[in-house]
Amino acid sequence: MDRLDDMMAFIKVVDTKSFTTAAERLNLSKSVVSRRIAELENRLGARLLNRTTRKLSLTEVGQAYYERCTRIIADLEEAEQAVADLHAAPRGRLKVNAPVSFGLLHLAKAVAEFLERYPSIEIEMDLNDRYVDLIDEGYDLAVRIGRLRDSSLIAKRLAPNRQVVCASPAYLEKHGIPQTPDELSNHNCLIYTNVPTAEQWQFRVGDAMRSVRVSGSLRTNNGDLLRESAIAGVGIIVLPTFLCGEALSKGQLQCLLLDYYMAESNVFAVYPQNRHLSPKVRVFVDFLAERFGPRPYWDCALLSLQPFRAEA
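Quick note: the sequence shown uses this note's numbering, first residue 359, plus one each step.
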């Protein structure tokens with residue numbers, strides 16, 4: 359504690375350029391502040407301040423020591439604030455961005471439960487599929503799906519994003535069931551256009567990824583439209599299970615090519631790199647991670663067909 363007190367006295371003297379003002383700010387006598395600086399210099403074996411009758415200035419050693427001291431005190435204050443935040447009741451407005459389909463299908467019910475659990479938090483939820491700048495647009499966090507582009511953000515995995523090939527029983531009864539990815543060329547494949555390789559469906563064969571070129575009568579940038587079209591028997595789709603999991607559970611769609619794994623990604627919560635996380639963001643991210651998790655409820659039908667892969 360003596361060392362911290364000496365550091366505080368030194369910082370105040372440098373900041374105010376006055377022993378008298380520093381003493382007033384610290385609620386100490388000028389003699390006590392002078393003694394602390396002298397003891398600090400004696401302990402370090404170096405002169406930190408140049409003293410004249412008109413002004414104070416830092417020596418070269420003093421400048422380096424001042425910079426280190428200010429960082430140490432700032433870290434200490436931040437650590438105390440972080441502990442205080444952990445014990446504080448989460449409150450305030452939380453501004454969140456999320457994709458439209460995921461937000462409507464999964465976040466809507468989750469948010470209702472969250473708000474009941476944390477009544478002092480308000481949520482402003484923006485649903486859109488464009489890539490938003492969290493800092494410039496004032497978002498506390500965003501839910502993002504797939505590979506992350508911005509490495510300056512902190513990301514917490516909420517759930518796996520598993521892809522499946524599927525079609526309705528009516529379509530398969532009429533057109534047959536493809537047994538290998540190559541047979542997809544003989545089928546009407548419905549194309550999701552909001553990806554760079556829309557007509558190249560990726561399958562894992564052993565340790566390698568293999569592309570299969572597909573085509574069909576419907577192309578769209580909306581996964582919900584693809585799902586409903588597939589349920590109506592229009593063709594075969596590739597969709598994430600968060601979009602088609604319920605249809606699989608109800609038997610409206612049937613999984614195909616289960617021996618050929620599709621490329622997978624993840625659902626993330628991302629937020630700016632603050633030096634400590636606010637309670638409202640922390641509890642919301644933890645809540646979503648707990649609600650969804652490594653085996654999310656929308657994967658029930660798929661996991662009953664495929665062995666669960668822990669690395670997924």
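C-beta atoms are modelled at their ideal positions from N, C-alpha and C, and glycine is treated no differently.
Span of the beta strand (DSSP E) around residue i
{"i": "K514", "result": "L511 to N519"}
{"i": "E622", "result": "Note, E622: premise wrong, no beta strand (DSSP E); not H, not E."}
{"i": "C602", "result": "Element bounds for C602: not the beta strand (DSSP E) but the alpha helix (DSSP H), T599 to S607."}
{"i": "R401", "result": "R401 -> not in any beta strand (DSSP E); alpha helix (DSSP H) instead, spanning K388 to L402."}
{"i": "A500", "result": "L499 to I503"}
Exposed unless 16 or more other CB atoms sit within 10 angstroms - verdict on residue i
{"i": "N455", "result": "buried"}
{"i": "A668", "result": "Low local confidence applies: a pLDDT of 39 at A668 is under 50, so the model's placement there is unreliable, with the coordinate-based value given in what follows. Classification for A668: exposed."}
{"i": "Y424", "result": "buried"}
{"i": "P654", "result": "buried"}
{"i": "S526", "result": "buried"}
{"i": "Q439", "result": "exposed"}
{"i": "F666", "result": "Here the model assigns F666 a pLDDT of 44, short of 50, so the residue's position is not dependable, and the following value carries that caveat. Exposed is the call here."}
{"i": "P637", "result": "buried"}
{"i": "P539", "result": "buried"}
{"i": "Y489", "result": "exposed"}
{"i": "L663", "result": "exposed"}
{"i": "R699", "result": "Here the chain has residues from 359 to 670 only, and residue 699 is not among them."}
{"i": "A627", "result": "buried"}
{"i": "R426", "result": "exposed"}
{"i": "K467", "result": "exposed"}
{"i": "A447", "result": "exposed"}
{"i": "A500", "result": "buried"}
{"i": "V469", "result": "buried"}
{"i": "E586", "result": "exposed"}
Where the alpha helix (DSSP H) containing residue i begins and where it ends
{"i": "F642", "result": "P637 to R649"}
{"i": "G450", "result": "Element bounds for G450: not the alpha helix (DSSP H) but the beta strand (DSSP E), G450 to A456."}
{"i": "C658", "result": "C658 to L663"}
{"i": "V553", "result": "Looking at the DSSP string, V553 is not in any alpha helix (DSSP H), and its letter there is neither H nor E."}
{"i": "R361", "result": "D360 to T374"}
{"i": "A566", "result": "Counting along the chain, A566 falls outside any alpha helix (DSSP H), though it belongs to the beta strand (DSSP E) covering A566 to R571."}
{"i": "L614", "result": "Per DSSP, L614 belongs to no alpha helix (DSSP H); it is in the beta strand (DSSP E), Q612 to L614."}
{"i": "T379", "result": "F377 to L384"}
{"i": "S587", "result": "G581 to I589"}
{"i": "L473", "result": "A466 to R475"}
Paired residues, beta bridge with residue i - DSSP
{"i": "E482", "result": "K453"}
{"i": "N408", "result": "S415"}
{"i": "I595", "result": "C524"}
{"i": "F561", "result": "R568 and M620"}
{"i": "V628", "result": "A500 and A513"}
{"i": "C676", "result": "The chain is shown only over 359 to 670; residue 676 falls outside these bounds and no answer can be derived."}
{"i": "T578", "result": "Y550"}
Contact set for residue i: own chain, Cβ-Cβ below 7 Å, skip 5 residues either direction
{"i": "P518", "result": "E622, N624, P652 and A670"}
{"i": "L611", "result": "C524, A525, S526, A588, I589, C602 and A605"}
{"i": "K375", "result": "K413 and L414"}
{"i": "K326", "result": "This structure cannot settle anything about residue 326, because the visible part of the chain is limited to 359 through 670."}
{"i": "R520", "result": "P598, T599, E622, D657, L660 and A670"}
{"i": "E648", "result": "none"}
{"i": "I481", "result": "L452, V454, V469 and L473"}
{"i": "S392", "result": "F377"}
{"i": "K514", "result": "F626, A627, V643 and A647"}
{"i": "A367", "result": "A380, L384, V391, R394 and I395"}
Nonlocal neighbours in the same chain, by C-beta distance under 6 Å from residue i, ignoring five residues either side
{"i": "R562", "result": "Y619"}
{"i": "D498", "result": "L452, K453 and V639"}
{"i": "D487", "result": "P457 and V458"}
{"i": "I512", "result": "Y629 and Q631"}
{"i": "M483", "result": "V454"}
{"i": "L402", "result": "none"}
Own chain partners of residue i with C-beta closer than 8 Å, once the 5 adjacent residues on each side are dropped
{"i": "D373", "result": "A380"}
{"i": "L462", "result": "L485"}
{"i": "T551", "result": "R577, T578 and N579"}
| Stretch-stretch touch, CB-based, cutoff 8 Å, three pairs: the segment 536-553 with the segment 572-582 | yes
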